[in-house]
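One rule links them: number in this note's numbering = place in the sequence shown (from 1) + 13. Every residue, glycine too, gets a C-beta built ideally from N, C-alpha and C. Below is one structure; the comments refer to it alone.
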Amino acid sequence: PEAFVGGPIALLEEGDRVRIDVENRLLEVLLSEEELRKRQERWQPRPPAFRHGLFARYAALVEQADQGAVLKDPKA
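What follows is the structure, encoded as structure tokens:
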């Protein structure tokens, strides 16, 4: 979900190095801020996999996981 909306994971490319610190529950991308900024500027969202039907409705109405993955109010 984070990558789908352009979060930091969306900026990773094959061959990038990351540091995983299990004890401290951290995942660190080993790239410069400048490189991350460049990638963010050229990032383009992927088209939705589902444009009609139940899954399209679900994708449009559910919040991201970090926001509880609950249904949004369609009237809001």
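Rounded to the nearest angstrom, the gap between the Cα atoms of alanine 72 and glycine 28 is 30 Å.
When secondary structure is reduced to three states using DSSP, arginine 32 falls in the strand class.
Taking 9 Å as the cut-off, the beta carbon of leucine 40 is found closer than this to the beta carbon of arginine 32. Spanning the alpha carbons of lysine 51 and arginine 70 requires a straight line of approximately 33 Å. Per DSSP, the continuous alpha helix (DSSP H) segment holding leucine 49 begins and ends at 46-55.
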